[in-house]
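Undergrad:
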Amino acid sequence: MALKHEIQEQLMTAMKAKETVRVSTLRMLKAAILKFEVEGERKEAGDEDIMKIIQREIKSRRDSVEQFQAGNRFDLAENEEKEIAVLMEFMPPQMTEEEITALAKEVIKETGAKSRADMGRIMGALMPKVQGQADGTLVSKVVNGLLG
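Structure (structure tokens):
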């Protein structure tokens, strides 16, 4: 089943069950997909495009959570966390920090990287391997830690 169709089905189910956070999150996701489809090339969003949209929305919400927590608005941060949970249902299983570390060590060995000056080269080789399975911020943190 296409991801776009799955999102629509989930939205209908959430509306029937009157799950307000889920309904609003899925409506927002549908709007982001529609925006993608009407901008630029005007093509229908495929599963890969939708995954990128979901990743972007999750990243946005994680940033919001940090800002809300810094501003002592834990109620708003909690709502953003709930939205992240809904969006994560459509993502493939996420890699653990240990898996990312092992893969990063492999890429460092392949590229012959020695210092943080090689960070861009490592990230360029590593990110396609973890696409959709790991948060870029976590990957960057792991690589920074390995490079000293």
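According to numbering that gives the first Met the number 0, the sequence shown is numbered sequentially starting from 0.
Note that the Cβ used here is the ideal one computed from N, Cα and C, for glycine as well.
Can you tell me where the alpha helix (DSSP H) with E36 in it begins and where it stops?
TA: Numbered from 1 along the sequence shown, position 37 holds the residue referred to as residue 36. Taken as a continuous stretch (DSSP letters only), the alpha helix (DSSP H) holding E36 covers 19-37.
Undergrad: Output the distance between the C-alpha atoms of K113 and I52, rounded to the nearest integer angstrom.
TA: Indexing the sequence shown from 1 puts residue 113 at position 114. Indexing the sequence shown from 1 puts residue 52 at position 53. Those two C-alpha atoms are separated by around 34 Å.
Undergrad: Quick check on the DSSP output: the alpha helix (DSSP H) that includes T136 runs from which residue to which?
TA: Within the sequence shown, numbered from 1, the residue matching residue 136 stands at position 137. Taken as a continuous stretch (DSSP letters only), the alpha helix (DSSP H) holding T136 covers 135-146.
Undergrad: If I'm right that L2 touches I49 with Cβ under 8 Å, what's the distance once you round it to whole angstroms?
TA: Mapped onto the sequence shown, residue 2 falls at position 3. Mapped onto the sequence shown, residue 49 falls at position 50. Confirmed, Cβ separation roughly 5 Å.
Undergrad: Roughly how many angstroms separate the alpha carbons of M0 and A116, rounded to a whole number?
TA: Sequence index remark: in the sequence shown, residue 0 carries index 1 (1-based). Sequence index remark: in the sequence shown, residue 116 carries index 117 (1-based). At M0 the pLDDT is 44, less than 50, meaning the model places this residue with poor confidence; the figure from the coordinates comes in the next sentence. For M0 and A116, the distance between alpha carbons rounds to 44 Å.
Undergrad: State whether the segment 92-112 contacts the segment 127-137, with contact taken as three or more CB pairs (one from each stretch) at a distance under 8 Å.
TA: These segments touch.
Undergrad: Just checking, does the segment 84-93 make contact with the segment 10-25 on the three C-beta pairs under 8 Å criterion?
TA: The segment 84-93 is in contact with the segment 10-25.
Undergrad: From which residue to which residue does the alpha helix (DSSP H) around E96 run?
TA: On the sequence shown, residue 96 is found 97 positions in, with the first residue counted as 1. Per DSSP, E96 belongs to the alpha helix (DSSP H) from 96-110.
Undergrad: Could you give the distance in angstroms between the alpha-carbon of Q130 and the alpha-carbon of K29?
TA: What you label residue 130 is simply residue 131 of the sequence shown in a count that begins at 1. What you label residue 29 is simply residue 30 of the sequence shown in a count that begins at 1. Roughly 22 Å between the two C-alpha positions.
Undergrad: Within the same chain, show all residues whose beta-carbon is closer than 8 Å to that of P92, passing over the 5 residues directly before and after it, in chain order.
TA: In the sequence shown, residue 92 corresponds to position 93, counting from 1. Within the same chain, P92 has close Cβ partners Q132.
Undergrad: How would you label L125, buried or exposed, when you count the other beta carbons within 10 angstroms and need 16 or more for buried?
TA: Within the sequence shown, residue 125 is the residue found at index 126, counting from 1. With 16 or more other Cβ atoms within 10 Å, it is buried.
Undergrad: Would you decide whether E88 is buried or exposed? Buried here means 16 or more other CB atoms lie within 10 Å of its CB.
TA: Within the sequence shown, the letter at position 89 stands for residue 88. Exposed, because fewer than 16 other Cβ atoms sit within 10 Å of the Cβ of E88.
Undergrad: Looking at chain E, is there any beta carbon in it that lies within less than 8 Å of the beta carbon of E56?
TA: Absent from the structure: chain E. Only one protein chain is present.
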